[in-house]
Amino acid sequence: MAEASQQDDLAEILAEASQQQQQDPTNIVARLKRAYVNEKNAPELLPFEHDLLEQVMAKVEDQELVVQQSREAAAAAGGGGGGGGGGGMDDLMAHIYQAELNRVRFLIRAYYRTRLFKIEKYAVHVVKPETNEFAKLSPQEQKYATDYVNMLEEHFGSVLGQMPEKYSSMLQQIEEDDAEMDMVPEPNLDKHVFCRVREDRRDVMFDPNDPDNTMDLDQGDIIMVRYRFIKGLLEDGALDLI
Amino acid sequence: MSNFGDKAATLVQDISQSEKGTIPPYNDELVRAVVDESNEHHRSILRLIGDIQEQGTSLDAAAPEDAAAILVHHQAVLRNKRALLVYLNERADRVRALRWEVGTALPEDLGESLSHSERGYFQQYSALVNRYQGRRGGVGINITLDPTPPKEHKVQVRVLQERGELVTRDGTVDLAKNTVHLLWRDEAQPLITEGVVEMVV
């Protein structure tokens, strides 16, 4: 009997938890997951989700406290009642919270990592003053990008510095004032991406060169299109990359 | 200088034929040879330009064969430069990957395969990642953990190197050699990376 009722409790907790997650539009974990998947699939860097990360990090700390308290409660009850039911419940809750925390931490790490690797890939492009790429980074990422470019220049310079005069730049094939930086990798905005539509939109024009070609987007539709054409919709939150 | 670009091609082959994720010994000799060859090309360019100017002709009005020679030498240098950067960049990518795989300490056997500059690059990169994830001025979370989504939250590990007592969230664990423990994934991961424990499958 006792076992059955515990199983019911567990089912109830899990059902409640998953329902809450689905319904709550302000669910920050769901938002973090979207931010991570979007970042992972976008060819360029997206603006850093400053507020979201701040909230998630604060929430993680709160939750850690809850886990600790549950564990202490479990230890107290376990010591007093010889492994009583209440202690077992607290222990179980502590484990469930801990498991959830681990998932959230993975998302945070993965989000930060994905951005750092993208920054490394396009470092010189990202720190260029004339693009607004730099403004999309968090202060820590800005420092990372700047330092990264310096160390890359130093490392490549150890060999390129011995090349003939005018051929030793890592930005240009041959140094010329006012010429294009022809050795700086940039993200390919014409890459095709898959997206899932979040909001209904009527008569969406994708290609500005082909204004008559419009399309209706219905929530839940999955489309494949060039990133450049849906960049604005992604920023509006009208669709997600998948 | 019989075969323009031969050495550069060998350099690229050297790295592209090596297995992904491994770092073959740095080919200092060949890198120097490619740089020397480039400087030789450059001297030829300067000599050709000097000859033209000596004849009193402007560069625009140079004989086609001289202009072509300059162009060929110039393109040869650019090609060498490309090859050098392919070599250096691919190696740099692999050196950075080490920071995420083995941590801040460069394994000794690998250290010998790196050039002096590459070793410095690894140290700098390692410090860069540390600064980013540090508590002060950084994001305050170790981002090298969890390279893949967590499936199990606890993992069973066997101790390979005597480590004594370890304080975990669940209490202290005595990491005596050859003992087996159930640890939280995030607490076990640094030990696995360091080679103190191994996962028991």
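Chains A and B are the protein sequences, given in the same order. All letters in the first sequence, in the order written, are residues 1 to 242 by the UniProt record's numbering. All letters in the second sequence, in the order written, are residues 1 to 201 by the UniProt record's numbering. Don't be surprised by glycine CBs; every beta carbon is placed ideally from N, CA and C.
Cutoff 8 Å: residue i Cβ touching any chain A Cβ
| i | result |
| --- | --- |
| Gln-25(B) | Reading the sequence as shown, one finds Pro at residue 25(B) and not Gln. No, no contact with chain A. |
| Ser-38(B) | yes |
| His-73(B) | no |
| Ala-33(B) | no |
| Val-139(B) | yes |
| His-181(B) | no |
| Ser-117(B) | yes |
| Asp-6(B) | no |
| Ala-188(B) | no |
| Asp-146(B) | yes |
| Arg-99(B) | no |
| Ile-52(B) | no |
DSSP three-state assignment for residue i, whether helix, strand or coil
| i | result |
| --- | --- |
| Arg-169(B) | coil |
| Val-155(B) | strand |
| Arg-163(B) | coil |
| Phe-194(A) | strand |
| Thr-57(B) | coil |
| Thr-179(B) | coil |
| Leu-189(A) | coil |
| Thr-214(A) | strand |
| Met-181(A) | coil |
| Ile-222(A) | strand |
| Glu-165(A) | coil |
| Val-29(A) | helix |
| Asp-203(A) | strand |
| Glu-198(B) | strand |
| Asp-174(B) | strand |
| Asp-240(A) | strand |
Classification of residue i by the beta-carbon crowding that lies within 10 angstroms, buried from 16 upward
| i | result |
| --- | --- |
| Phe-48(A) | buried |
| Arg-136(B) | exposed |
| Leu-59(B) | exposed |
| Ser-16(B) | exposed |
| Ser-70(A) | buried |
| Ile-222(A) | exposed |
| Thr-114(A) | buried |
| Glu-65(B) | exposed |
| Phe-194(A) | exposed |
| Asn-178(B) | exposed |
| Phe-156(A) | buried |
| Glu-20(B) | First, the residue type needs correcting, since residue 20(B) is Lys and not Glu in the sequence shown. Result: exposed. |
| Arg-202(A) | exposed |
| Leu-189(A) | exposed |
| Asp-90(A) | buried |
| residue 203(B) | An answer regarding residue 203(B) cannot be provided, because it is not within the stretch 1 to 201 covered by chain B. |
| His-192(A) | exposed |
| residue 319(A) | Residue 319(A) lies beyond the stretch modelled for chain A, which goes from 1 to 242, so this question has no answer here. |
Best match in the options for proximity to residue i [C-alpha to C-alpha]
| i | options | result |
| --- | --- | --- |
| Leu-145(B) | Asn-130(B), Glu-19(B) and Glu-118(B) | Asn-130(B) |
| Asp-51(A) | Gln-7(A), Glu-44(A), Arg-105(A) and Ala-35(A) | Ala-35(A) |
| His-73(B) | Phe-134(A), Ala-42(A) and Pro-164(A) | Pro-164(A) |
| residue 244(A) | Arg-198(A), Leu-233(A) and Ser-138(A) | Residue 244(A) lies beyond the residue range present for chain A, which begins at 1 and ends at 242; the question has no answer from this structure. |
| Pro-139(A) | Tyr-112(A), Ala-15(A) and Gly-237(A) | Tyr-112(A) |
| Glu-199(A) | Ile-108(A), Pro-187(A), Gln-219(A) and Pro-129(A) | Gln-219(A) |
| Phe-106(A) | Glu-198(B), Glu-152(B) and Leu-175(B) | Glu-152(B) |
| Leu-160(A) | Gly-5(B), Asp-14(B) and Ser-38(B) | Ser-38(B) |
| Ile-242(A) | Leu-10(A), Asn-38(A), Ala-76(A) and Ser-5(A) | Asn-38(A) |
| Lys-118(A) | Ala-74(A), Tyr-167(A), Ser-158(A) and Ala-42(A) | Ala-42(A) |
| Gly-164(B) | Val-34(B), Gln-133(B) and Leu-191(B) | Leu-191(B) |
| Gln-189(B) | Gly-171(B), Thr-148(B), Glu-162(B) and Thr-172(B) | Thr-148(B) |
| Ala-9(B) | Leu-182(B), Val-155(B), Ala-92(B) and Asn-80(B) | Asn-80(B) |
| Met-183(A) | Asp-177(A), Met-170(A) and Glu-175(A) | Met-170(A) |
Test: residue i CB closer than 8 Å to a CB of chain B
| i | result |
| --- | --- |
| Arg-113(A) | yes |
| Phe-206(A) | no |
| Gln-55(A) | no |
| Asp-91(A) | no |
| Gln-140(A) | yes |
| Met-215(A) | no |
| Gln-6(A) | no |
| Phe-106(A) | yes |
| Val-126(A) | no |
| Met-151(A) | yes |
| Arg-103(A) | yes |
| Ser-158(A) | yes |
| Asp-9(A) | no |
| Asp-62(A) | no |
| Tyr-36(A) | no |
| Tyr-148(A) | yes |
heavy atom of the ligand PLP below 7 Å from residue i C-beta
| i | result |
| --- | --- |
| Ile-192(B) | By its list of ligands, the structure shown contains no ligand whatsoever, and the ligand PLP lies outside what it can speak to. |
ask   = At what residue ranges does the UniProt domain "GINS subunit" (94-158) of chain A contain a whole run of the alpha helix (DSSP H), taking only runs of 4 or more?
value = As far as the UniProt domain "GINS subunit" (94-158) of chain A is concerned, its whole alpha helix (DSSP H) runs of at least 4 residues are 123-127.
key: Continuous alpha helix (DSSP H) assignments of at least 4 residues falling wholly in the region 94-126 of chain B   = The alpha helix (DSSP H) runs lying completely inside the region 94-126 of chain B and spanning 4 residues or more are 108-111, given in chain order.
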